[in-house]
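Chains C and Z, in that order, give the protein sequences. For what it's worth, numbering that gives the first Met the number 0 labels the leading residue of the first sequence as 0, then goes sequentially. For what it's worth, numbering that gives the first Met the number 0 labels the leading residue of the second sequence as 0, then goes sequentially. Below: the structure, in structure tokens.
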Amino acid sequence: MISHWRTLFAFSLILLSAACTNKPGPAANLKPTGFGTALIESSGGKQIGPTGMVLADPLVVQVNDEQGTAVAGALVEFSGPAGVSFDPESGLTDASGQLSTNVALGGMAGRYQLSARTSTKAQKSVELKIEDIALGYQQQVGFQLDKKYCSRCHNPESTPERVSNYDNLEVKPHPFAEGDTLNKMTDADLTAIISHGGPALGKSALMPPYGYTLSKTEIEGLIAYIRLVSDPPYHAAGMVYAQK
Amino acid sequence: MQSQSQSSKPSLWQTLFGEPVRAFGVVSLLLLISLAIAPAKNHFSEWRHYQKKYLALIQSRGDALTLQRHFYQHDGIQQIWLPQLGVVDRCTTCHVGLKEASLADVSAQPFRRHPAIPHTLDQFGCVMCHRGQGPATTVEEAHSSTLAWEQPILPARYVQSSCGQCHRTPLTGTPQLNLGRNLLSRYGCVHCHTIKLPDGSVMKPTDDPPSLEHIADKTTREWIYAWLKDPQAYAVTATMPNFKLSDPDVRDISAFLIANSTPLAGDTAPVAETRAAAPDPAAGASLYGESFCASCHAVQNAAGNVVGGDVGPELTRVGNKVKPEWLRAWLRNPRVYDSGTAMPHYRFTDPQVSLLTGFLGSKTDSDLLANVHLDAATPEQIAHGKLLVTEYGCASCHEINGIKKPDNFAPELTRIGSKPLTQILFLPGMTHALPDYIAAKIRQPRSFGAALKMPQFSLAPAQIDALTTALLALTDRSQDLPRALTVPSKPASNYQPAGKAGQLMSDLACFSCHAINGRGGDMAPDLTWEGSSVQRPWLLAFLKNPGTLRPALIRRMPRFNLSDSDAAELTDYIMTVYQTPAFDRDSMPTSGYPPAQVEQGKQLFYSKYACQSCHIVDTKTDKGYIGPTLTQVGSRLTAAWIYHYLRDPQTMRPGTIEPSRNMNDEDARALTAFLMTQKGSGKQEAKK
Chain C
0 MISHWRTLFA
10 FSLILLSAAC
20 TNKPGPAANL
30 KPTGFGTALI
40 ESSGGKQIGP
50 TGMVLADPLV
60 VQVNDEQGTA
70 VAGALVEFSG
80 PAGVSFDPES
90 GLTDASGQLS
100 TNVALGGMAG
110 RYQLSARTST
120 KAQKSVELKI
130 EDIALGYQQQ
140 VGFQLDKKYC
150 SRCHNPESTP
160 ERVSNYDNLE
170 VKPHPFAEGD
180 TLNKMTDADL
190 TAIISHGGPA
200 LGKSALMPPY
210 GYTLSKTEIE
220 GLIAYIRLVS
230 DPPYHAAGMV
240 YAQK
Chain Z
0 MQSQSQSSKP
10 SLWQTLFGEP
20 VRAFGVVSLL
30 LLISLAIAPA
40 KNHFSEWRHY
50 QKKYLALIQS
60 RGDALTLQRH
70 FYQHDGIQQI
80 WLPQLGVVDR
90 CTTCHVGLKE
100 ASLADVSAQP
110 FRRHPAIPHT
120 LDQFGCVMCH
130 RGQGPATTVE
140 EAHSSTLAWE
150 QPILPARYVQ
160 SSCGQCHRTP
170 LTGTPQLNLG
180 RNLLSRYGCV
190 HCHTIKLPDG
200 SVMKPTDDPP
210 SLEHIADKTT
220 REWIYAWLKD
230 PQAYAVTATM
240 PNFKLSDPDV
250 RDISAFLIAN
260 STPLAGDTAP
270 VAETRAAAPD
280 PAAGASLYGE
290 SFCASCHAVQ
300 NAAGNVVGGD
310 VGPELTRVGN
320 KVKPEWLRAW
330 LRNPRVYDSG
340 TAMPHYRFTD
350 PQVSLLTGFL
360 GSKTDSDLLA
370 NVHLDAATPE
380 QIAHGKLLVT
390 EYGCASCHEI
400 NGIKKPDNFA
410 PELTRIGSKP
420 LTQILFLPGM
430 THALPDYIAA
440 KIRQPRSFGA
450 ALKMPQFSLA
460 PAQIDALTTA
470 LLALTDRSQD
480 LPRALTVPSK
490 PASNYQPAGK
500 AGQLMSDLAC
510 FSCHAINGRG
520 GDMAPDLTWE
530 GSSVQRPWLL
540 AFLKNPGTLR
550 PALIRRMPRF
560 NLSDSDAAEL
570 TDYIMTVYQT
580 PAFDRDSMPT
590 SGYPPAQVEQ
600 GKQLFYSKYA
610 CQSCHIVDTK
620 TDKGYIGPTL
630 TQVGSRLTAA
640 WIYHYLRDPQ
650 TMRPGTIEPS
660 RNMNDEDARA
670 LTAFLMTQKG
680 SGKQEAKK
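Here it is as structure tokens:
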């Protein structure tokens with residue numbers, strides 16, 4: 000029975016690979032009229048969105064030639080890990096040398112490395128790596144709480160809608176992406192400083208305690224979010240194996 | 000002879016099976032094989048295969064013994080049975096590691112750990128959120144739609160819809176669902192499609208499509224023509240969909256709407272004065288800014304960014320749309336033309352009205368109406384226009400003289416999330432799944448037939464997904480679940496204050512920004528307990544001339560140019576009616592606190608509680624920009640409010656971002672004493 004399944008599986012694999020080799024069908028229909036030597040990201044990278052959902056802003060890449068001028072009609076193909084989908088998956092750049100695609104990230108929370116490819120006149124492949132972050136339920140809760148409570152001080156960037164308080168503070172808070180600092184703190188440290196404020200870890204009292212405002216699960220969500228957006232990425236300490 | 004005849008004429012039995020002994024052997028073997036089929040099928044079943052793979056996977060892990068113990072506690076086919084929810088799930092038969100925290104690094108299915116969510120597997124099972132066929136024990140039957148099953152797994156991008164089956168209130172963790180529900184109301188979907196909620200109420204639209212009864216007073220036939228051809232060409236943020244009408248149809252509809260319009264007394268004002276007053280664009284722009292028009296209205300800037308609020312219509316090209324004489328009358332008092340408008344009745348003076356009319360009238364786009372040339376309408380065109388207006392259901396959203404709002408103009412969507420696939424006509428090449436159908440229908444309704452009436456909405460991909468999510472939540476289960484198992488939405492409040500103050504509050508459209516007793520917007524603070532919170536002289540002065548409490552905010556309370564008597568009327572009403580039952584606002588004095596206590600409060604403010612991270616008391620040293628400036632808090636708030644707010648901010652103002660400090664009584668009293676000494680300088684007050 001298993002072998003039967005295996006043959007079926009193998010057969011479907013062959014079929015699939017055949018389908019995959021045929022996949023650049025639509026792309027093959029697109030005849031590039033221009034060729035560039037460089038691929039740059041215009042916008043849409045470093046976005047944060049929920050797992051499996053279309054990111055708020057499209058991913059826009061631009062093809063340039065050696066002089067750095069935009070190339071129209073160059074063929075760009077997008078690819079990413081399993082579960083990521085692009086709409087469209089490939090296309091020709093417009094008059095301003097740009098191609099825009101809507102990205103939906105996969106079903107697992109984490110960082111997704113996406114890539115865009117174009118080829119030069121000499122058929123040499125040029126690749127651009129872009130990273131976007133997918134939030135699971137827990138990180139999503141953290142993200143929403145960050146927007147409401149934390150980002151006003153922890154995010155130095157000001158917009159007309161949300162003026163940052165970062166510059167007004169005597170002791171500067173750490174932006175959540177600041178992995179060099181935050182990755183060294185354990186989950187227990189973060190829980191303590193969020194729940195009891197800066198003084199809990201001997202830090203500034205300008206960081207107020209949120210333990211009476213946020214629930215335990217909300218604080219866990221916030222930490223999961225902070226861990227996910229940290230740059231360089233956060234790696235939890237591995238399991239400690241004791242002798243059997 | 001006998002034997003000869005027998006051997007020459009073998010019986011049928013012998014021809015088939017030969018010697019009886021051999022026949023016996025063959026039949027026994029067949030019987031044995033047939034008896035073995037059932038156990039063999041069981042032995043080689045898919046789920047056993049996965050369980051074996053799981054055991055192989057955990058074997059080499061550090062905590063193998065623990066994982067194995069968990070596994071052998073319940074091996075074999077697993078089932079979660081929740082009769083109340085109608086759940087029979089055998090998913091955990093193959094998805095063995097769902098509850099194993101130590102499998103965090105395993106990404107191969109079906110062995111992944113389930114990410115953290117607020118519900119447990121044992122309480123809700125799997126299909127409540129993921130759909131699919133719970134009782135099935137093969138991969139194909141559990142996940143895909145087959146001949147016998149038609150409930151495939153829900154793609155991850157719509158999974159929030161499942162939360163919406165039970166939760167009618169917005170949740171922090173489901174922004175997509177919240178957005179989708181918001182869009183169903185905001186884009187007016189529920190004008191045409193009825194959506195009944197489990198509590199018996201009907202989903203209400205939150206857009207406010209204008210009445211077209213007096214449209215000829217407001218705008219021209221040319222503008223209507225351009226607008227109907229492409230609403231987003233006039234305003235990128237317009238929620239009006241594109242009906243993809245042909246040129247003659249648009250010509251006829253615009254002819255009908257203008258011919259059908261009746262004049263309304265007082266909704267236009269002569270423009271002669273506008274010309275008399277020197278049009279000063281700079282003065283007009285600054286009045287527009289001072290009146291905080293941008294809190295509600297957006298304008299597209301040169302870079303193409305839309306800047307401003309979305310309560311009122313976008314004004315980028317308003318000069319192309321409205322007639323100056325109508326705009327004058329509208330700015331003077333919008334309630335003459337539309338009694339229910341969200342626009343406040345600013346008491347502008349005539350020169351101010353002229354300034355704003357001139358400023359807004361200059362917001363035009365020469366391309367918009369350049370190619371619109373219409374001949375005078377013929378009676379046939381007008382009659383055809385009326386037919387089209389009826390056919391397209393324009394009256395579902397707009398009031399139109401002589402045309403009744405049609406009932407159930409479009410299919411009801413109350414149970415769209417459970418629509419059987421057999422009832423759906425899929426397009427060639429489309430995935431045969433409900434989410435794909437709904438999304439395609441929203442993305443391009445007319446792709447399902449050019450004769451369909453549903454118009455083309457201008458939506459971003461994320462908005463389409465959000466709408467699909469909200470619609471997928473409208474399942475049979477969402478309607479039929481016992482009430483005790485659902486979290487119903489808060490009933491809509493139709494609170495209306497009484498008397499002259501109530502009329503004033505409607506006239507000033509306070510509810511467009513402020514909420515009181517559950518009714519109103521969320522742009523500005525909730526005023527339900529405002530009377531306990533503020534001091535009377537401050538409120539009176541603020542209503543006359545609102546100062547800035549939060550300098551970082553771009554949306555602020557505008558100045559309505561209230562008369563003394565109106566301001567006093569409103570102040571008295573607010574002070575009397577909007578009081579909390581929790582405490583008496585006069586229970587603590589506004590001044591006269593012992594200096595020692597004040598000093599202690601100051602220490603607490605700057606050291607223990609570090610309030611200066613968000614608030615300013617001393618403008619020279621403090622820089623906190625998040626909370627309101629507290630330089631005059633002693634003349635603004637009552638001491639009792641400050642004290643109770645410090646003790647428990649979330650109870651006094653639900654949803655405030657001020658963290659609760661679990662403050663003890665002594666600290667709260669000292670801080671109150673300190674804050675009450677911050678009276679501001681009378682001179683500054685007068686200057687503003």
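All residues carry an ideal CB built from backbone N, CA and C; glycine is no exception.
Exercise. For residue 624 of chain Z, is the classification buried or exposed, using 16 other Cβ atoms within 10 angstroms of its Cβ as the cut-off for buried?
Worked result: Your numbering for residue 624 of chain Z matches position 625 in the second sequence. Here residue 624 of chain Z is buried. Its C-beta has 16 or more other C-beta atoms within 10 Å.
Exercise. Looking only at DSSP bridge pairs, what is residue 132 of chain C linked to?
Worked result: Against the first sequence, residue 132 of chain C aligns to sequence position 133. Residue 132 of chain C pairs with C/47, C/110.
Problem set entry | Three-pair Cβ contact test at 8 Å for the region 488-495 of chain Z versus the region 512-523 of chain Z | Yes, the region 488-495 of chain Z is in contact with the region 512-523 of chain Z.
For this session: Please specify which runs of the alpha helix (DSSP H), each continuous and at least 4 residues long, are wholly inside the region 474-548 of chain Z, giving them in chain order.
Result: Taking only runs of at least 4 residues, the alpha helix (DSSP H) segments lying wholly in the region 474-548 of chain Z are 475-479, 498-506, 529-532, 535-543.
Exercise. How would you call residue 172 of chain C, buried or exposed, if buried means at least 16 neighbouring beta carbons within 10 angstroms?
Worked result: As a working note, residue 172 of chain C is residue 173 in the first sequence. Residue 172 of chain C counts as buried, since at least 16 other C-beta atoms from the protein chains shown sit within 10 angstroms of its C-beta.
Exercise. How would you write the range of the beta strand (DSSP E) that residue 76 of chain C sits in, first residue to last?
Worked result: Your numbering for residue 76 of chain C matches position 77 in the first sequence. Annotation: the continuous beta strand (DSSP E) that includes residue 76 of chain C extends over 74-78.
For this session: Report the rounded CA-to-CA distance for residue 330 of chain Z versus residue 203 of chain Z, giving the unit in angstroms.
Result: Here residue 330 of chain Z refers to the residue found at position 331 of the second sequence. Here residue 203 of chain Z refers to the residue found at position 204 of the second sequence. In this structure, the straight-line span from the alpha carbon of residue 330 of chain Z to that of residue 203 of chain Z is close to 29 Å.
Problem set entry | Coil, strand or helix - residue 127 of chain C by DSSP | Residue numbering aside, residue 127 of chain C sits at position 128 when the first sequence is read from its first letter. It is a strand residue.
Problem set entry | Assigned secondary structure, residue 90 of chain C (DSSP; H/G/I helix, E/B strand, else coil) | Reading the first sequence from its first residue, position 91 is the one you call residue 90 of chain C. Three-state result, residue 90 of chain C: strand.
Exercise. When the Cα atoms are used, what is the spatial distance from residue 686 of chain Z to residue 358 of chain Z?
Worked result: As a working note, residue 686 of chain Z is residue 687 in the second sequence. As a working note, residue 358 of chain Z is residue 359 in the second sequence. Confidence at residue 686 of chain Z is low in this model, with a pLDDT of 34, below 50, so its placement is unreliable and the value that follows should be read with caution. In this structure, the straight-line span from the alpha carbon of residue 686 of chain Z to that of residue 358 of chain Z is close to 28 Å.
Exercise. So, does the CB of residue 21 of chain C fall closer than 7 Å to a CB anywhere in chain Z?
Worked result: The count along the first sequence starts at 1 and reaches residue 21 of chain C at position 22. Caution applies to residue 21 of chain C, whose pLDDT of 42 falls short of 50 and renders its modelled position unreliable; the value that the coordinates give is listed next. Taking Cβ atoms only, chain Z never reaches closer than 7 Å to residue 21 of chain C, which makes this a no.
Problem set entry | Per-residue contacts from residue 205 of chain C into chain Z (C-beta, under 8 Å) | Within the first sequence, residue 205 of chain C is the residue found at index 206, counting from 1. Neighbours of residue 205 of chain C on chain Z, chain order: 609, 611, 612.
For this session: State yes or no: is the beta carbon of residue 110 of chain C nearer than 7 Å to at least one beta carbon in chain Z?
Result: Sequence index remark: in the first sequence, residue 110 of chain C carries index 111 (1-based). Chain Z contact via Cβ: absent.
Exercise. Ordered along the chain, which non-local residues of its own chain (more than five positions away) have a Cβ less than 7 Å from that of residue 613 of chain Z?
Worked result: Here residue 613 of chain Z is taken as the residue at index 614 of the second sequence, counted from 1. Taken in chain order, the residues that qualify are 623, 625, 626.
For this session: Note down, in chain order, all residues in the region 127-154 of chain C with a beta-carbon under 8 Å from any beta-carbon belonging to chain Z.
Result: Residues of the region 127-154 of chain C with a Cβ closer than 8 Å to any Cβ of chain Z, in chain order: 135, 136, 137, 139, 140, 143, 144, 147, 148, 151, 152.
For this session: Can you tell me which of Z/467, Z/200, Z/371 puts its alpha carbon nearest to the alpha carbon of residue 458 of chain Z?
Result: Stepping through the second sequence from its first residue, residue 458 of chain Z is reached at position 459. If we check each option's Cα against that of residue 458 of chain Z, Z/467 comes out closest.
For this session: For residue 234 of chain C, count neighbouring C-beta atoms within 10 Å of its own C-beta (all shown protein chains included) and say buried if the count is 16 or more, exposed if not.
Result: Walking along the first sequence from the start, residue 234 of chain C turns up at place 235. So residue 234 of chain C ends up on the exposed side.
For this session: Quick one: measure Cβ to Cβ for residue 83 of chain C and residue 60 of chain C, integer angstroms, because I've assumed they're closer than 8 Å.
Result: Counting from 1 along the first sequence, the entry for residue 83 of chain C is found at position 84. Counting from 1 along the first sequence, the entry for residue 60 of chain C is found at position 61. No, residue 83 of chain C and residue 60 of chain C are not in contact; Cβ-Cβ is about 15 Å, not under 8 Å.
For this session: Take every Cβ of the region 523-536 of chain Z, pair it with every Cβ of the region 639-651 of chain Z, and state whether three or more of those distances are shorter than 8 Å.
Result: Yes, they touch.
Problem set entry | Anticipated Cβ contact below 8 Å, residue 342 of chain Z with residue 311 of chain Z, distance rounded | As a position in the second sequence, residue 342 of chain Z is number 343, starting the count at 1. As a position in the second sequence, residue 311 of chain Z is number 312, starting the count at 1. At roughly 6 Å, the Cβ-Cβ gap stays under 8 Å, so residue 342 of chain Z and residue 311 of chain Z are in contact.
Exercise. Would residue 212 of chain Z pass as a contact of residue 400 of chain Z if the rule is Cβ separation under 7 Å?
Worked result: Working through the second sequence from its first residue, we reach residue 212 of chain Z at position 213. Working through the second sequence from its first residue, we reach residue 400 of chain Z at position 401. Yes; because the gap between Cβ atoms is below 7 Å, this pair is in contact.
Problem set entry | Paired residues, beta bridge with residue 402 of chain Z - DSSP | Position 403 of the second sequence, counted from the first residue, corresponds to residue 402 of chain Z. Z/399.
For this session: Rounded to whole angstroms, what's the CA-CA distance from residue 588 of chain Z to residue 175 of chain C? Just pull it up for me.
Result: In the second sequence, the residue the question calls residue 588 of chain Z occupies position 589. In the first sequence, the residue the question calls residue 175 of chain C occupies position 176. Residue 588 of chain Z and residue 175 of chain C: Cα-Cα distance of roughly 44 Å.
For this session: Report the option in Z/375, Z/264, Z/596 whose CA atom is closest to the CA atom of residue 221 of chain Z.
Result: Indexing the second sequence from 1 puts residue 221 of chain Z at position 222. Answer by Cα proximity: Z/375.
Problem set entry | Distance, residue 671 of chain Z Cα to residue 111 of chain Z Cα | Here residue 111 of chain Z is taken as the residue at index 112 of the second sequence, counted from 1. Here residue 671 of chain Z is taken as the residue at index 672 of the second sequence, counted from 1. Residue 111 of chain Z and residue 671 of chain Z: Cα-Cα distance of roughly 54 Å.
Exercise. Is there a Cβ from chain Z that is less than 7 Å from the Cβ of residue 228 of chain C?
Worked result: As a working mapping, residue 228 of chain C is identified with position 229 in the first sequence. No, no contact with chain Z.
Exercise. Hey, does residue 53 of chain C have any beta-carbon neighbour from chain Z nearer than 7 Å?
Worked result: Position 54 of the first sequence, counting from 1, holds the residue named residue 53 of chain C. Yes - at least one Cβ of chain Z is within 7 Å of the one on residue 53 of chain C.
Exercise. Per DSSP, residue 58 of chain C forms a beta bridge with which residues?
Worked result: Start at 1 with the first residue of the first sequence, and residue 58 of chain C comes out as number 59. Partner(s): C/100.
Exercise. For the alpha helix (DSSP H) that residue 438 of chain Z lies in, which residues bound it at each end?
Worked result: In the second sequence, counting from the first residue as 1, residue 438 of chain Z sits at position 439. Per DSSP, residue 438 of chain Z is one residue of the alpha helix (DSSP H) stretching across 433-442.
Exercise. Alpha carbon to alpha carbon, what distance is there between residue 474 of chain Z and residue 194 of chain Z?
Worked result: Counting from one through the second sequence, the residue named residue 194 of chain Z turns up at place 195. Counting from one through the second sequence, the residue named residue 474 of chain Z turns up at place 475. Rounded to the nearest angstrom, the gap between the Cα atoms of residue 194 of chain Z and residue 474 of chain Z is 11 Å.
Exercise. When the distance is taken between beta carbons, is residue 384 of chain Z closer than 7 Å to residue 215 of chain Z?
Worked result: The residue you call residue 215 of chain Z lines up with position 216 of the second sequence. The residue you call residue 384 of chain Z lines up with position 385 of the second sequence. Not closer than 7 Å, so no.
Exercise. Got a sec? Which residues, its chain only, sit under 6 Å from residue 423 of chain Z by beta carbon, not counting five neighbours each side?
Worked result: Taking the first residue of the second sequence as 1, we reach residue 423 of chain Z at position 424. Cβ neighbours of residue 423 of chain Z beyond the five flanking positions: 436.
Problem set entry | Cβ of residue 201 of chain C within 7 Å of any chain Z Cβ | To locate residue 201 of chain C, count along the first sequence from 1; it is residue 202. Contact of residue 201 of chain C with chain Z is not assigned, every C-beta pair being separated by 7 Å or more.
Exercise. Excluding five sequence neighbours on each side, which residues of the same chain lie with their C-beta closer than 6 Å to the C-beta of residue 209 of chain C?
Worked result: For the purposes of this step, residue 209 of chain C is identified with residue 210 of the first sequence, where counting begins at 1. Excluding the 5 residues flanking it on each side, residue 209 of chain C has same chain C-beta neighbours closer than 6 Å at 193, in chain order.
Problem set entry | Nearest to residue 134 of chain Z (by Cα), restricted to the options Z/102, Z/128, Z/148 | As a first step, residue 134 of chain Z is located in the second sequence; it is residue number 135 there, counting from the start. Checked all of Z/102, Z/128, Z/148; the closest Cα to residue 134 of chain Z is Z/148.
For this session: Answer with yes or no whether the minimum CB distance from residue 72 of chain C to chain Z is below 7 Å.
Result: Counting from 1 along the first sequence, the entry for residue 72 of chain C is found at position 73. Under the Cβ distance rule, residue 72 of chain C does not count among the residues neighbouring chain Z, no pair being separated by less than 7 Å.
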